[in-house]
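Heads up: the sequence shown begins at 37 in the working numbering, then just goes up one per residue.
First comes the structure, then the notes that go with it.
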Amino acid sequence: MVRIRSFMKGDEEAYVRVHNEGYSTEAWYGSLEKVLKFEDFSELSYDSTFLAEVNGIIVGLIDIKIRDKIGDIENLVVLPEFRGKGTGKALLEKAIEFLKDKVEKIRVETPIQSKNAIKFYFKNGFEHITNACLIESQNKSKLKPYLGHNFYFVGDSKYWVPDNKQMELLKKLKADFSIIGEFKVMIKYI
Numbered sequence: 037m038v039r040i041r042s043f044m045k046g047d048e049e050a051y052v053r054v055h056n057e058g059y060s061t062e063a064w065y066g067s068l069e070k071v072l073k074f075e076d077f078s079e080l081s082y083d084s085t086f087l088a089e090v091n092g093i094i095v096g097l098i099d100i101k102i103r104d105k106i107g108d109i110e111n112l113v114v115l116p117e118f119r120g121k122g123t124g125k126a127l128l129e130k131a132i133e134f135l136k137d138k139v140e141k142i143r144v145e146t147p148i149q150s151k152n153a154i155k156f157y158f159k160n161g162f163e164h165i166t167n168a169c170l171i172e173s174q175n176k177s178k179l180k181p182y183l184g185h186n187f188y189f190v191g192d193s194k195y196w197v198p199d200n201k202q203m204e205l206l207k208k209l210k211a212d213f214s215i216i217g218e219f220k221v222m223i224k225y226i
């Protein structure tokens with residue numbers, strides 16, 4: 037039986053293991069989501085993290101960040117051998133319980149290649165509202181007026197474009213960029 041609990045000091049190694057093993061089965065892993073190293077763990081800053089345990093072994097996790105009355109699910113990952121057994125649903129239910137008095141809606145951004153994840157979110161009451169893209173551009177001067185306003189910077193040359201309208205605007209700017217990944221943005225009102 038799965039038990040959901042809050043992350044505690046001492047869980048770091050298991051968190052890194054589940055994060056990397058769970059995402060390693062995804063086609064986009066390594067290009068959209070970097071391999072997490074134990075040394076990087078202190079840089080993570082979530083409002084809450086819950087872990088799923090089976091027989092004392094951590095098999096799943098969910099990270100939550102609250103922004104502007106929206107609860108963002110930053111990561112929801114379950115080890116492959118524990119998928120389809122209610123572990124992800126239990127983690128999601130715990131996140132909803134945590135967020136219900138704090139936000140109006142929950143948002144998740146899922147790579148379009150993650151068909152099972154998209155199906156999971158639809159099954160759990162989420163609706164698709166737009167698509168978003170992670171792009172790479174060496175031409176910061178063309179994008180600079182929009183940084184921190186419409187697009188936000190996620191690395192030396194990578195930018196998050198939050199929706200279809202912003203992507204159309206970027207294309208009109210004729211900025212030199214390439215799309216690294218596309219995501220479905222889904223929400224659930226709570």
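Ideal placement from N, C-alpha and C gives every residue a C-beta, glycine not left out.
Report yes if the C-beta distance between residue i and residue j is below 8 Å; otherwise report no.
i: Val113; j: His55; result: yes
i: Phe43; j: Leu115; result: no
i: Leu170; j: Gly217; result: yes
Where does residue i sit, in a helix, a strand or coil, going by DSSP?
i: Glu89; result: strand
i: Arg119; result: coil
i: Ile154; result: helix
i: Leu97; result: strand
i: Ser84; result: strand
Which residue comes first and which comes last in the beta strand (DSSP E) that contains residue i?
i: Ala168; result: 163 to 172
i: Glu145; result: 141 to 147
i: Phe219; result: 214 to 225
i: Lys194; result: 194 to 197
i: Phe42; result: A small fix is needed here, since residue 42 is Ser in this sequence, not Phe. 38 to 42 is the extent of the beta strand (DSSP E) around Ser42.
Given a threshold of 16 other Cβ atoms within 10 Å of its Cβ, counted over all protein chains shown, does residue i qualify as buried or as exposed?
i: Ile215; result: exposed
i: Leu128; result: buried
i: Lys45; result: exposed
i: Thr61; result: exposed
i: Phe158; result: exposed
Just to confirm the assignment, what range does the alpha helix (DSSP H) spanning residue i have?
i: Leu128; result: 123 to 135
i: Asn111; result: Premise fails: Asn111 lies in the beta strand (DSSP E), 106 to 114, not in any alpha helix (DSSP H).
i: Lys201; result: 200 to 208
i: Tyr59; result: 48 to 59
Would you mind working out which of the options sits nearest residue i, comparing C-alpha positions?
i: Phe134; options: Lys101, Leu72, Tyr59; result: Lys101
i: Val144; options: Lys220, Val197, Gln174; result: Lys220
i: Asp137; options: Ile106, Arg39, Asp47, Asn91; result: Ile106
i: Gly92; options: Ala50, Leu205, Asn111, Asn160; result: Ala50
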